[in-house]
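Chains as they are written, first to last, in the working numbering: chain A, 426 to 474; chain B, 16 to 254. For glycine and all other residues, C-beta sits at the position ideal for the given N, C-alpha and C.
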């Protein structure tokens with residue numbers, strides 16, 4: 426009886442861990458990223474001299 | 016910017032430094048760079064890296080501008096003299112789709128003189144190695160926002176693994192299209208100066224967070240681009 430309880434506990438633990446996502450990580454979807462960039466604008470709110 | 020944001024789902028807007036200091040601009044001088052930060056807030060910048068000239072504002076004024084900015088002002092290698100404390104945030108992590116992109120800022124050595132000895136500039140390569148290792152535990156895309164010059168950017172790409180994109184400044188090169196460093200699989204971008212151009216880099220990021228495709232161009236901001244009404248109204252309030 427004790428052995429059956431132990432087996433049941435282990436089975437429950439395995440199922441629980443699976444629910445918690447301890448298996449393979451979910452693959453990430455590829456993405457398209459646009460990066461806009463500026464540099465050395467030296468105060469771009471006014472026209473340059 | 017609005018056109019690109021309408022056309023693309025995932026857009027970052029970054030600045031490679033030397034942006035805040037007044038120079039010979041009366042309004043920027045009068046407001047000690049505050050008008051620039053407000054404009055960048057309006058434009059929705061995601062991050063800016065400190066360049067040496069930004070430190071000409073002085074640390075007190077610079078800290079005020081950093082408080083006002085609605086975006087992180089970065090530098091992973093400028094340290095307050097006599098301490099081990101960084102002047103600015105070293106990096107920021109952005110969630111983009113299923114991915115996380117780390118943006119690490121690096122500043123040029125001349126910043127030490129610009130701040131009158133109030134800061135020390137740590138070797139950017141060493142700083143990048145440390146922070147790239149740190150952020151790679153959380154982010155799968157690594158972007159360096161560099162005010163070091165294109166030549167140094169190329170060196171960084173070769174010496175630090177895992178850098179996907181370097182957005183640069185300082186040398187004022189116009190890289191059209193952006194460089195692709197094949198050995199390191201890194202895109203290197205820079206776009207002139209004085210706001211005459213804006214750079215557009217397009218990256219295809221695979222499921223592992225690696226660059227599977229890339230492209231880009233430099234857009235020259237000629238008079239054919241009409242003044243944005245919102246930005247015009249913002250600047251008019253200062254007149």
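{"query": "Give a yes or no on whether 8 Å exceeds the smallest Cβ distance from residue 47/B to chain A.", "result": "no"}
{"query": "Find the nearest neighbour of residue 217/B within the set 130/B, 123/B, 30/B and 231/B, judged by alpha-carbon distance.", "result": "231/B"}
{"query": "Per DSSP, what kind of secondary structure is residue 62/B in: helix, strand or coil?", "result": "strand"}
{"query": "Tell me whether the segment 114-128 of chain B and the segment 160-180 of chain B touch, counting them as touching only if at least three CB pairs, one residue from each stretch, are closer than 8 Å.", "result": "yes"}
{"query": "Pick out whichever of 68/B, 213/B and 144/B has its Cα sitting closest to the Cα of residue 58/B.", "result": "213/B"}
{"query": "Excluding the 5 residues flanking residue 180/B on each side, which residues of the same chain have their C-beta closer than 6 Å to its C-beta?", "result": "158 and 202"}
{"query": "Could you tell me the distance, in whole angstroms, from the CA atom of residue 48/B to the CA atom of residue 134/B?", "result": "20 Å"}
{"query": "Going along chain A in order, which residues have a C-beta closer than 9 Å to the C-beta of residue 218/B?", "result": "456, 457, 458, 459 and 460"}
{"query": "Taking the beta carbon of residue 53/B as the centre, do at least 16 other beta carbons fall within 10 Å, making it buried, or is it exposed?", "result": "buried"}
{"query": "Could you check what DSSP says for residue 190/B in three-state terms: helix, strand or coil?", "result": "coil"}
{"query": "Compile a chain-ordered list of the residues in the segment 27-43 of chain B whose CB is closer than 9 Å to at least one CB of chain A.", "result": "27, 28, 29, 30, 31, 32, 33, 34, 35, 36, 37, 38, 39, 40, 41, 42 and 43"}
{"query": "Can you tell me which of the three DSSP states residue 178/B falls into?", "result": "coil"}
{"query": "Determine the DSSP secondary structure at residue 47/B, reduced to helix, strand or coil.", "result": "coil"}
{"query": "Here's the rule I'm using: 16 or more other beta-carbon atoms within 10 Å means buried, otherwise exposed. How should residue 61/B be labelled?", "result": "buried"}
{"query": "Please list, in chain order, the chain B residues whose beta carbon lies closer than 9 Å to that of residue 453/A.", "result": "112, 113, 114, 155, 220, 221, 222, 223 and 224"}
{"query": "Measuring alpha carbon to alpha carbon, tell me which of 465/A, 461/A and 433/A ends up nearest residue 234/B.", "result": "461/A"}
{"query": "Using a C-beta cutoff of 8 Å, does residue 129/B count as contacting chain A?", "result": "no"}
{"query": "Is there a Cβ of chain B sitting closer than 8 Å to that of residue 434/A, yes or no?", "result": "no"}
{"query": "When Cβ atoms are compared, which residues of the segment 70-90 of chain B fall closer than 7 Å to chain A?", "result": "none"}
{"query": "Measuring straight from C-alpha to C-alpha, what distance separates residue 32/B and residue 434/A?", "result": "59 Å"}
{"query": "Using DSSP with H/G/I as helix, E/B as strand and the rest coil, what is residue 211/B?", "result": "coil"}
{"query": "Can you pull the chain A residues whose beta carbon is under 7 Å from the beta carbon of residue 19/B, in chain order?", "result": "459 and 461"}
{"query": "Using only alpha-carbon positions, find the residue among 219/B, 152/B, 127/B and 156/B that is nearest to residue 71/B.", "result": "127/B"}
{"query": "Quick one, which of 37/B, 29/B and 43/B has its alpha-carbon nearest residue 250/B's?", "result": "43/B"}
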